[in-house]
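For the sequence shown, this note's numbering assigns the number 14 to the initial residue and increments by one for each residue that follows.
Ideal placement from N, C-alpha and C gives every residue a C-beta, glycine not left out.
Heads up, the thing below is written out as C-alpha cells.
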Amino acid sequence: MKIAEIFYSLQGEGVRQGAPCLFVRLSGCNLSCRWCDTKEALGGGIAMSEDYILEQCWRQNPRYVCITGGEPLIQTEALLPLLASLAKRGTVIDIETNGTIDFAPVQQYASVCMDVKCPSSGEKSDLSLLAKIRAKDSVKFVVADVEDCRYAHGVMDKHPIAGPVFFSPVFGADTAPIVRYILTNSLPVRFQVQLHKVLGVK
Ligand code: SF4
14 MKIAEIFYSL
24 QGEGVRQGAP
34 CLFVRLSGCN
44 LSCRWCDTKE
54 ALGGGIAMSE
64 DYILEQCWRQ
74 NPRYVCITGG
84 EPLIQTEALL
94 PLLASLAKRG
104 TVIDIETNGT
114 IDFAPVQQYA
124 SVCMDVKCPS
134 SGEKSDLSLL
144 AKIRAKDSVK
154 FVVADVEDCR
164 YAHGVMDKHP
174 IAGPVFFSPV
184 FGADTAPIVR
194 YILTNSLPVR
204 FQVQLHKVLG
214 VK
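Quick look at the structure:
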C-alpha cells in the first residue's frame with residue numbers, strides 16, 4: 014500500500030470531531046481540487062506492507078483509526094485486509110472519501126465520510142453514491158461561498174441522505190454568508206470548522 018503518513022492527533026472533522034485518532038493517510042488521488050490542503054498526498058508515498066502498518070497502529074493502540082488521503086479507495090483491494098484486521102480488534106474505523114469510487118466494499122468494516130465536491134473545488138463527486146450512505150456514515154460539503162451552499166442544498170433536495178450532513182467552510186473563507194444561508198434556509202446540517210486548523214495541529 015502507498016502511504017503518505019501515519020500520525021496521531023485529534024480528529025478535526027465529522028461526527029468524531031475532537032476524538033484522539035490515529036490517521037493513516039494513503040497516497041494518490043484521482044481528483045485535483047482547487048483548494049486541496051493535502052497536496053503532499055497526491056502522489057508518491059512510501060510502500061508499506063499491511064503488517065508494518067498494523068505494527069504502527071498497535072504501537073499507539075488507538076480506539077479509533079481514520080483512513081484518509083489523497084483518495085484511499087483507489088487502493089481498496091489492498092485496504093480490505095487491513096480494515097479486517099483493525100475491525101477484528103474492535104477498532105472504530107472511519108474512511109474519508111471524495112465520493113467518486115464505490116465505497117460499499119469497505120462499509121462492512123468502517124463508517125464512511127463522503128466529501129461531496131462543490132463547484133468551487135472544480136471537481137464533481139458521483140452523487141448516485143449518496144444512496145449508499147447509512148445512518149452511521151456521514152456527508153461533508155466543503156463550501157467556499159453561497160454558490161457552493163446553493164449547490165449543496167440542491168443535492169440534498171434531490172438525494173435524501175440517511176446520515177448526518179456537515180457544512181465545512183474552506184479554511185479562510187468568509188463564513189458569515191455561509192452561516193446566513195444555513196439559517197435562512199433552515200438546512201438540516203451542522204456547520205463545522207476544521208478543528209485541527211484552528212488548533213494549528215495536523
Ligand atoms: S479529493 Fe481530497 S486529496 Fe484529492 S485533490 Fe481533492 S481535496 Fe485533495
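query	result
Cut-off 7 Å between Cβ atoms - residues of its own chain near T188, not counting five sequence neighbours on either side	P182
Residue of K210, T81, A97 and V156 minimising C-alpha distance to K130	V156
Beta-carbon contacts of I80 that lie in its chain and below 6 Å, excluding the five residues immediately before and after	V37 and I108
Those residues which DSSP pairs with T81 across a bridge	R38
Three-pair Cβ contact test at 8 Å for the segment 65-82 versus the segment 140-151	no
Beta-carbon proximity of H209 to G82, cut-off 8 Å	no
Residue range of the unbroken alpha helix (DSSP H) whose run includes A97	T89 to K101
Inter-residue spacing [alpha-carbon to alpha-carbon] between F204 and P132	18 Å
Ligand 1 heavy atom lying under 7 Å from the CB of C42	yes
Sufficient close CB pairs (3 or more, under 8 Å) joining the segment 37-47 to the segment 196-203	no
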